[in-house]
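A.B. asks: In this text, residue positions in the sequence shown follow the numbering used here: the first is 8, and each later residue adds one.
Okay, handing you the structure first.
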Amino acid sequence: MPLPLSQLRLISIPQVIARRYMASSAAAEPISPSNTRVGWIGTGVMGLSMCSHLIRAGYTLTVFNRTPSKAQPLLKMGAHQADNPLSLASNSDVVFSIVGYPSDVRAVLLDPHSGALAGLRPGGILVDMTTSEPSLAVEIAAAASSKSCHSIDAPVSGGDHGAKNGTLAIFTGGEESVVKRLQPLFSLMGKVNYMGGSGKGQFAKLANQITIASTMVGLVEGMVYAHKAGLDVGLYLDAISTGAAGSKSLDLYGQRILKRDLGPGFYVNHFVKDLGICLKECQNMGISLPGLALAQQLYVSLRAHGEGNLGTQALILVLERLNNVSLAPAIASS
Numbered sequence: 008m009p010l011p012l013s014q015l016r017l018i019s020i021p022q023v024i025a026r027r028y029m030a031s032s033a034a035a036e037p038i039s040p041s042n043t044r045v046g047w048i049g050t051g052v053m054g055l056s057m058c059s060h061l062i063r064a065g066y067t068l069t070v071f072n073r074t075p076s077k078a079q080p081l082l083k084m085g086a087h088q089a090d091n092p093l094s095l096a097s098n099s100d101v102v103f104s105i106v107g108y109p110s111d112v113r114a115v116l117l118d119p120h121s122g123a124l125a126g127l128r129p130g131g132i133l134v135d136m137t138t139s140e141p142s143l144a145v146e147i148a149a150a151a152s153s154k155s156c157h158s159i160d161a162p163v164s165g166g167d168h169g170a171k172n173g174t175l176a177i178f179t180g181g182e183e184s185v186v187k188r189l190q191p192l193f194s195l196m197g198k199v200n201y202m203g204g205s206g207k208g209q210f211a212k213l214a215n216q217i218t219i220a221s222t223m224v225g226l227v228e229g230m231v232y233a234h235k236a237g238l239d240v241g242l243y244l245d246a247i248s249t250g251a252a253g254s255k256s257l258d259l260y261g262q263r264i265l266k267r268d269l270g271p272g273f274y275v276n277h278f279v280k281d282l283g284i285c286l287k288e289c290q291n292m293g294i295s296l297p298g299l300a301l302a303q304q305l306y307v308s309l310r311a312h313g314e315g316n317l318g319t320q321a322l323i324l325v326l327e328r329l330n331n332v333s334l335a336p337a338i339a340s341s
């Protein structure tokens, strides 16, 4: 039986208001330090530097980190600290997150009692910069839309150097109009690459990780080969850097490996997570990527040796163990 007109009005009027609010918010005044409050969840190796660019640009910033001490440098710069993601979002117009694992993303954004979406006002925007599952990005976007909010997946590439220098590659998925509106914020961190609808930013980042994984294997294998051939490894890296074997991975990590600097620009543990997601998506797509599978197993070996908190360039340790060699003497003389 049809509903009475009065009930139809009760149902339809809020929906109309919500649609109008979303339409008006998408076309709202440009984002700027004078009218936009920013929240940031996750102030680790990457987040710390990315936040600092926003503060220096004059944005009012509220931060949350599960380990409060990691946010101290930002508090000294003028950031405010929130007790949980919900309270952070209630004082923010745009909320960024960059945490460890998909389970962390779900907890900080979607938890009904403490998550950011529960505290975000209509028209607010969630921007998840964690490398995570494309299906989760789609789920977050749907949940945000049901609250008259927006969600963008925007994982990044470039490591700690890119974060510090504001030169990250940012892969975005979601509503293109919202991505364009966020440009004043994104431009402080790097270059935006719009990849398509929700989840497409994550797919692009996963493809990026597949490329990096095999490139890193080639880099460290070449270094071990050069060492065994009696070459000066430093001279060898200089020689190939301007040829066809040159790469961003070589530029970022070649000298670090030479200096035995295996500290994290990007954690092995997080890379194992990323490559695991890639393999899961390969199964879903029905495709075979043997180079990815090999690289993932080599990185799992690092984690098995208790080296998960080192940087991805620590892959050199795996090749040294496999071949019973050490580049350390060559490194010391380079």
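Backbone N, C-alpha and C fix where the C-beta goes; we use that ideal spot for every residue, glycine too.
Scan the segment 278-309 and note each continuous beta strand (DSSP E) run of 3 residues or more that stays entirely inside, going in chain order.
C.D. replies: Runs found: none.
A.B. asks: Using a Cβ distance threshold of 8 Å, determine whether the segment 325-334 contacts the segment 226-235, with at least three qualifying pairs required.
C.D. replies: Taking 8 Å as the limit for Cβ pairs, the verdict is that the segment 226-235 does touch the segment 325-334.
A.B. asks: Helix, strand or coil for Leu242? Go by DSSP, reduced to three states.
C.D. replies: Looking at Leu242 - three-state DSSP - the assignment turns out to be helix.
A.B. asks: Among Gly180, Ile159, Pro141, which has the Cα closest to the Cα of Met292?
C.D. replies: The candidate whose alpha carbon is nearest that of Met292 is Pro141.
A.B. asks: Quick one: grab the DSSP three-state call for Phe71.
C.D. replies: Three-state result, Phe71: strand.
A.B. asks: Taking its Cβ as the centre, do 16 or more other Cβ atoms sit within 10 Å of Ser110, making it buried, or is it exposed?
C.D. replies: With fewer than 16 Cβ atoms within 10 Å of its Cβ, Ser110 is classed as exposed.
A.B. asks: Could you please give me the residues that DSSP links to Gln176 through a beta bridge?
C.D. replies: Before going on, a small fix: residue 176 reads as Ala here, not Gln. Looking at the DSSP assignment, Ala176 forms a beta bridge with Ser164, Lys198.
A.B. asks: May I have the straight-line CA-CA distance separating Gly131 from Phe278, to the nearest angstrom?
C.D. replies: Going from the Cα of Gly131 to the Cα of Phe278 covers about 31 Å.
A.B. asks: Which full runs of the beta strand (DSSP E) of 3+ residues lie inside the segment 98-125, going along the chain?
C.D. replies: Those beta strand (DSSP E) runs which fall completely within the segment 98-125 and span 3+ residues are 101-104.
A.B. asks: Taking the alpha-carbon positions, what's the Ala176 to Gln303 distance?
C.D. replies: C-alpha separation (whole angstroms): 23 Å.
A.B. asks: Suppose you measure from the CA of Gln262 to the CA of Leu269; what does that come to, to the nearest Å?
C.D. replies: Each residue's alpha carbon lies about 11 Å from the other.
A.B. asks: Check whether the segment 218-228 and the segment 56-76 touch, using three or more Cβ-Cβ pairs below 8 Å as the test.
C.D. replies: In short, these stretches do not touch, since the Cβ pair count stays below three.
A.B. asks: Can the beta-carbon of Leu226 be found less than 7 Å from the beta-carbon of Ser256?
C.D. replies: Result yes, Cβ atoms of Leu226 and Ser256 sit closer than 7 Å.
A.B. asks: For the beta strand (DSSP E) that contains Leu3, what are its first and last residues?
C.D. replies: The requested residue 3 does not occur in the structure, where the chain is confined to residues 8 to 341.
A.B. asks: Can you list, in chain order, the residues of its chain with a C-beta nearer than 6 Å to that of Asn200? Leave out the 5 residues immediately preceding and following it.
C.D. replies: Same-chain partners within the cutoff: Phe178.
A.B. asks: Figure out for me which residue from Glu314, Gly272, Ala321, Pro92 has the closest Cα to the Cα of Ser164.
C.D. replies: Closest by alpha carbon: Gly272.
A.B. asks: Answer yes or no: does any C-beta atom of chain C fall closer than 7 Å to that of Asp135?
C.D. replies: The structure shown contains no chain C; it is built from a single protein chain.
A.B. asks: Given a cut-off of 7 Å on the beta-carbon distance, is the pair Ile105 and Gly180 in contact?
C.D. replies: For Ile105 and Gly180, no; Cβs fall outside 7 Å.
A.B. asks: Between the C-alpha atoms of Gly208 and Lys266, what's the straight-line distance to the nearest angstrom?
C.D. replies: Whole-angstrom Cα-Cα distance: 34 Å.
A.B. asks: Between which residues of its own chain and Ile264 is the CB-CB distance below 6 Å, once the five residues before and five after are set aside?
C.D. replies: Hits under 6 Å: Gln320, Ile323.
A.B. asks: Taking the beta strand (DSSP E) that Ile38 belongs to, which residues open and close that run?
C.D. replies: Run containing Ile38: none; DSSP gives neither H nor E here.
A.B. asks: Using C-beta distances below 6 Å, list every residue in its chain close to Leu244, excluding the 5 sequence neighbours before and after it, in chain order.
C.D. replies: These residues qualify, in order along the chain: Gly261.
A.B. asks: Flag this pair as yes or no: are the beta carbons of Gly46 and Ala96 separated by less than 7 Å?
C.D. replies: In this structure, Ala96 lies closer than 7 Å to Gly46 by Cβ.
A.B. asks: Who are the near neighbours of Ser254 in its chain, counting only those whose CB is closer than 8 Å to its CB and skipping five residues on each side?
C.D. replies: Correct list, in chain order: Thr222, Leu226.
A.B. asks: Please report how far the alpha carbon of Glu36 lies from the alpha carbon of Thr43, in whole angstroms.
C.D. replies: Between Glu36 and Thr43, the C-alpha separation is close to 10 Å.
A.B. asks: Name the two residues that bound the continuous beta strand (DSSP E) containing Leu133.
C.D. replies: 132-135 is the span of the beta strand (DSSP E), which, as asked, contains Leu133.
A.B. asks: If you follow the beta strand (DSSP E) that Val45 is part of, which residue opens it and which one closes it?
C.D. replies: Val45 -> beta strand (DSSP E) spans 44-48.
A.B. asks: Taking all protein chains shown into account, do 16 or more other C-beta atoms lie within 10 angstroms of the C-beta of Ala236, making it buried, or fewer, making it exposed?
C.D. replies: Result: exposed.
A.B. asks: Can you tell me which residues form a DSSP beta bridge with Ser158?
C.D. replies: According to DSSP, which records beta bridges pairwise, Ser158 is partnered with Leu133.
A.B. asks: Assign Gln290 to one of two classes, buried (16 or more other C-beta atoms within 10 Å of its C-beta) or exposed (fewer than that).
C.D. replies: The residue is exposed, with fewer than 16 neighbouring Cβ atoms inside 10 Å.
A.B. asks: In three-state DSSP terms, what is Gly203?
C.D. replies: The answer is strand: DSSP assigns Gly203 an E or B state.
A.B. asks: Does DSSP put Ile323 in a helix, in a strand, or in coil?
C.D. replies: Three-state DSSP puts Ile323 in a helix.
A.B. asks: Are Gly173 and His60 touching if we call contact CB-CB under 7 Å?
C.D. replies: Against a cut-off of 7 Å, the Cβ pair of His60 and Gly173 comes out as a contact.
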